[in-house]
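Input: a single structure, listed below in structure tokens.
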Amino acid sequence: MQQMMRQSSESADAGADDNDEDESDDDDGDDDGLRRTADNLKVFCCSSTEFLKLSGKLTKDGPAQV
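Take 155 as the starting number for the sequence shown in the working numbering and just add one per residue.
Printed below as a string of structure tokens:
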């Protein structure tokens, strides 16, 4: 995620002129919001079989174990 944000800012800086730089200052708030969102994401991983059980599409194997 950080690498993508870095590449995005580098490409924006490479083609920016004076007017674009003023507009890019407004994007700093968006980057901060994106960073906060990425830091607060909850990660949950399970197998595809368990996902199907959780969603009720696979009932013959019993209940989900997660």
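C-beta: ideal position from N, C-alpha, C; glycine also.
Self-check item: Integer Cβ distance of residue 218 from residue 208, believed to fall under 8 angstroms
Solution: About 5 angstroms; that satisfies the 8 angstroms criterion.
Quiz item: Roughly how many angstroms separate the alpha carbons of residue 186 and residue 199, rounded to a whole number?
Solution: Their Cα atoms are separated by approximately 26 angstroms.
Quiz prompt | Residues of its chain near residue 285, where Cβ-Cβ distance is below 8 angstroms and the 5 sequence neighbours each way are ignored | solution = Beyond the ends of the chain as shown, which are 155 and 220, falls residue 285; an answer cannot be given.
Exercise. Ignore the nearest five residues each way along the sequence and tell me which others in residue 205's own chain have a CB closer than 6 angstroms to its CB.
Key: Excluding sequence positions up to five before and after residue 205, its CB lies less than 6 angstroms from no other CB in the same chain.
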